[in-house]
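**Student:** Residue numbers (the numbering used here): 47 to 408. To start, I am sharing the structure in question, which I have written as structure tokens.
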């Protein structure tokens, strides 16, 4: 049984807590979550414990990343269970569980600085300027969003156009509040992880981003908070994703194969199990006209839907490069599969290749 972490809900209190530890020479790691913790989250905490002196786990279901038609109201939650899991695990020093990270009260603070005008949320902070008054009344609405423009356009961003701006914005807010030395994210949400890495680089956050490997159930299904919403039949069907990835991985490692052949393996496997393919995209680092066979595959990403439960799965593949890489001025080529299976989302555009991802995602 570990010790119970400090439970913090106020932004100013969280800043003060973090500053106090940093002033004593302690390093801080942040593990952002939306709660309903499982062993995948606990693996992130374990990774954080190997990096920093004090660990902060945030639990916040971020409304900024949900579209009106998505499952914000029904997102699974068990705060009491989450706190017990963290206490049992041990090594977590604070849980930051704000009620609303987008609540600023009235007006716009002018001299809050790193202390932040948010500490007075709910009270009158400063007079509303004529600009705010003309545009939106009391100036309390959230207007500032972080966009990683190219990386957020494809993959999950095609069907969820507000998702990544919401993710990047809330993570930026958490970094500003907690001021961590390390941020630990799971590679299950691979595009999200790369977007956060790019945001940190481009905006000069003094945070080192750590990607933790995917954690799976014993049968191969990637752990996810939404898995509890799958019926037994749907969960059984979802295993076809991992099985198809495993088969594609074996084929890529042991046979000469093409993108289309691997593509067919995955489509046939999932379709046979009762899944419906919404789209498949193959993105390669080396332009496809330079070769007809696959020579190295780093990662396959699958996004799929069963009912209203989305599942992100990443599968890495590496094997010896059989192509003279000096022609391309880098040492690795990469392949990404993005597959969406849907029983209700079938109107998504089908762009063939997204050039920026050839060079930016990996």
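Note that beta-carbon positions come from the ideal geometry of N, C-alpha and C, so glycine has one too. Bear in mind the structure is a predicted one, so any value in this text is a computation, not a measurement.
Assuming residue 316 and residue 293 are in contact, meaning their beta carbons sit under 8 Å apart, how far apart are those beta carbons, in whole angstroms?
**Tutor:** For the purposes of this step, residue 316 is taken as residue 270 along the chain shown, with counting starting at 1. For the purposes of this step, residue 293 is taken as residue 247 along the chain shown, with counting starting at 1. 11 Å between Cβ atoms; not a contact.
**Student:** Tell me whether residue 239 is buried or exposed, calling it buried when 16 or more other Cβ atoms sit within 10 Å of its Cβ.
**Tutor:** Locating residue 239 in the chain shown gives position 193, where the first residue counts as 1. Looking at its Cβ environment, which holds 16 or more other Cβ atoms inside 10 Å, residue 239 is buried.
**Student:** Give the C-beta separation of residue 319 and residue 270 to the nearest angstrom, bearing in mind that I take them to be a contact with Cβ-Cβ under 8 Å.
**Tutor:** Locating residue 319 in the chain shown gives position 273, counting from the first residue. Locating residue 270 in the chain shown gives position 224, counting from the first residue. Not confirmed; about 18 Å, so no contact.
**Student:** I think residue 321 touches residue 283, with their Cβ atoms under 8 Å apart; what is that distance to the nearest whole Å?
**Tutor:** Here residue 321 is taken as the residue at index 275 of the chain shown, counted from 1. Here residue 283 is taken as the residue at index 237 of the chain shown, counted from 1. Confirmed, about 6 Å.
**Student:** Just to confirm before moving on: does the CB-CB distance between residue 51 and residue 139 stay below 8 Å?
**Tutor:** Along the chain shown, read from residue 1 onward, the residue named residue 51 stands at position 5. Along the chain shown, read from residue 1 onward, the residue named residue 139 stands at position 93. Yes. Within cutoff.
**Student:** Counting C-beta neighbours from all protein chains within 10 Å, is the total for residue 79 16 or more, i.e. buried, or is it exposed?
**Tutor:** The count along the chain shown starts at 1 and reaches residue 79 at position 33. Label assigned to residue 79: buried.
**Student:** Could you work out which residue in 235, 257, 221 and 227 is closest to residue 198 when comparing CA atoms only?
**Tutor:** Residue 198 sits at position 152 when you count from the first residue of the chain shown. Comparing Cα positions, the closest option is 235.
**Student:** Buried or exposed, going by whether 16 or more other CB atoms sit within 10 Å of the CB of residue 314?
**Tutor:** Within the chain shown, residue 314 is the residue found at index 268, counting from 1. Label assigned to residue 314: exposed.
**Student:** Work out the CA separation of residue 132 and residue 409 for me, nearest whole Å.
**Tutor:** The question about residue 409 has no answer, for the chain in this structure spans 47 to 408.
**Student:** Could you check what DSSP says for residue 29 in three-state terms: helix, strand or coil?
**Tutor:** Outside the modelled stretch of the chain, which goes from 47 to 408, sits residue 29, for which no answer is possible.
**Student:** Just checking, does the region 202-212 make contact with the region 68-79 on the three C-beta pairs under 8 Å criterion?
**Tutor:** Counting Cβ pairs under 8 Å, fewer than three are found: no touch.
**Student:** Roughly how many whole angstroms lie between the Cα atoms of residue 116 and residue 107?
**Tutor:** Position 70 of the chain shown, counted from the first residue, corresponds to residue 116. Position 61 of the chain shown, counted from the first residue, corresponds to residue 107. So the alpha carbons of these two residues sit roughly 13 Å apart.
**Student:** Is residue 290 helix, strand or coil by DSSP?
**Tutor:** Counting from one through the chain shown, the residue named residue 290 turns up at place 244. Reduced to three states, the DSSP call for residue 290 is helix.
**Student:** From residue 383 to residue 302, what distance separates their C-alpha atoms?
**Tutor:** By one-based count along the chain shown, residue 383 stands at place 337. By one-based count along the chain shown, residue 302 stands at place 256. The predicted position of residue 383 is uncertain, since its pLDDT is 41 and thus under 50; a value taken from the coordinates is nonetheless stated next. So the two alpha carbons sit approximately 17 Å from each other.
**Student:** Where does residue 229 fall in DSSP's three states?
**Tutor:** On the chain shown, residue 229 is found 183 positions in, with the first residue counted as 1. DSSP places residue 229 in strand when its eight states are reduced to three.
**Student:** Leaving out five residues on either side along the sequence, give the residues of the same chain with a beta carbon under 8 Å from the beta carbon of residue 54.
**Tutor:** In the chain shown, counting from the first residue as 1, residue 54 sits at position 8. Cβ neighbours of residue 54 beyond the five flanking positions: 60, 63, 140, 141, 142 and 143.
**Student:** Could you check the C-alpha separation between residue 226 and residue 250 for me, to the nearest Å?
**Tutor:** Counted from its first residue, the chain shown places residue 226 at position 180. Counted from its first residue, the chain shown places residue 250 at position 204. Whole-angstrom Cα-Cα distance: 13 Å.
**Student:** Could you tell me if residue 149 is buried or exposed, where buried requires 16 or more neighbouring beta carbons within 10 angstroms of its beta carbon?
**Tutor:** What you label residue 149 is simply residue 103 of the chain shown in a count that begins at 1. Exposed, by the Cβ-count rule.
**Student:** To which residues does DSSP link residue 258 through a beta bridge?
**Tutor:** The count along the chain shown starts at 1 and reaches residue 258 at position 212. Answer by DSSP bridge pairing, in chain order: 232.
**Student:** Can you tell me whether DSSP reads residue 98 as helix, strand or coil?
**Tutor:** Sequence index remark: in the chain shown, residue 98 carries index 52 (1-based). DSSP places residue 98 in coil when its eight states are reduced to three.
**Student:** Taking the alpha-carbon of residue 71 as reference, which of 100, 87 and 57 has the nearest alpha-carbon?
**Tutor:** To locate residue 71, count along the chain shown from 1; it is residue 25. Cα-wise, what sits closest to residue 71 is 100.
**Student:** Tell me the DSSP secondary structure of residue 268 in three-state form.
**Tutor:** Reading the chain shown from its first residue, position 222 is the one you call residue 268. In the structure shown, residue 268 sits in a strand (DSSP, three-state: E or B).
**Student:** Less than 8 Å separating the beta-carbons of residue 260 and residue 228?
**Tutor:** Position 214 of the chain shown holds residue 260. Position 182 of the chain shown holds residue 228. The answer is no: Cβ separation not under 8 Å.
**Student:** Any idea if residue 273 is buried or exposed, counting beta-carbon neighbours within 10 angstroms, 16 or more meaning buried?
**Tutor:** Residue mapping note: residue 273 aligns to position 227 of the chain shown, counting from 1. Buried: at least 16 other Cβ atoms inside 10 Å.
**Student:** Between which two residues does the alpha helix (DSSP H) harbouring residue 132 extend?
**Tutor:** The residue given as residue 132 occupies position 86 in the chain shown. Looking at the DSSP string, the run of the alpha helix (DSSP H) that includes residue 132 is 125-135.
**Student:** To the nearest angstrom, how far is it from the Cα of residue 96 to the Cα of residue 135?
**Tutor:** Position 50 of the chain shown, counted from the first residue, corresponds to residue 96. Position 89 of the chain shown, counted from the first residue, corresponds to residue 135. The straight-line gap from Cα to Cα measures roughly 14 Å.
**Student:** Pick helix, strand or coil for residue 104, following the three-state DSSP scheme.
**Tutor:** Counting from one through the chain shown, the residue named residue 104 turns up at place 58. Strand, per DSSP.
**Student:** Leaving out the 5 sequence neighbours to the left and right, which residues in its chain are closer than 7 Å to residue 246 when beta-carbon positions are compared?
**Tutor:** The residue you call residue 246 lines up with position 200 of the chain shown. Closer than 7 Å at the Cβ level, and outside the excluded window around residue 246, lie 253 and 255.
**Student:** CA-CA distance, residue 192 and residue 300?
**Tutor:** Numbered from 1 along the chain shown, position 146 holds the residue referred to as residue 192. Numbered from 1 along the chain shown, position 254 holds the residue referred to as residue 300. If you take the alpha carbons of residue 192 and residue 300, they lie about 43 Å apart.
**Student:** Looking at the secondary structure, which residues open and close the beta strand (DSSP E) in which residue 76 lies?
**Tutor:** Position 30 of the chain shown holds residue 76. Looking at the DSSP string, the run of the beta strand (DSSP E) that includes residue 76 is 74-79.
**Student:** Determine the DSSP secondary structure at residue 251, reduced to helix, strand or coil.
**Tutor:** Taking the chain shown and counting its residues from 1, the one referred to as residue 251 is at position 205. Looking at residue 251 - three-state DSSP - the assignment turns out to be coil, as it is neither helix nor strand.
**Student:** Please state the DSSP three-state secondary structure of residue 85.
**Tutor:** Residue numbering aside, residue 85 sits at position 39 when the chain shown is read from its first letter. The answer is helix: DSSP assigns residue 85 an H, G or I state.
**Student:** Would you decide whether residue 113 is buried or exposed? Buried here means 16 or more other CB atoms lie within 10 Å of its CB.
**Tutor:** On the chain shown, residue 113 is found 67 positions in, with the first residue counted as 1. By the 10 Å Cβ count, residue 113 comes out exposed.
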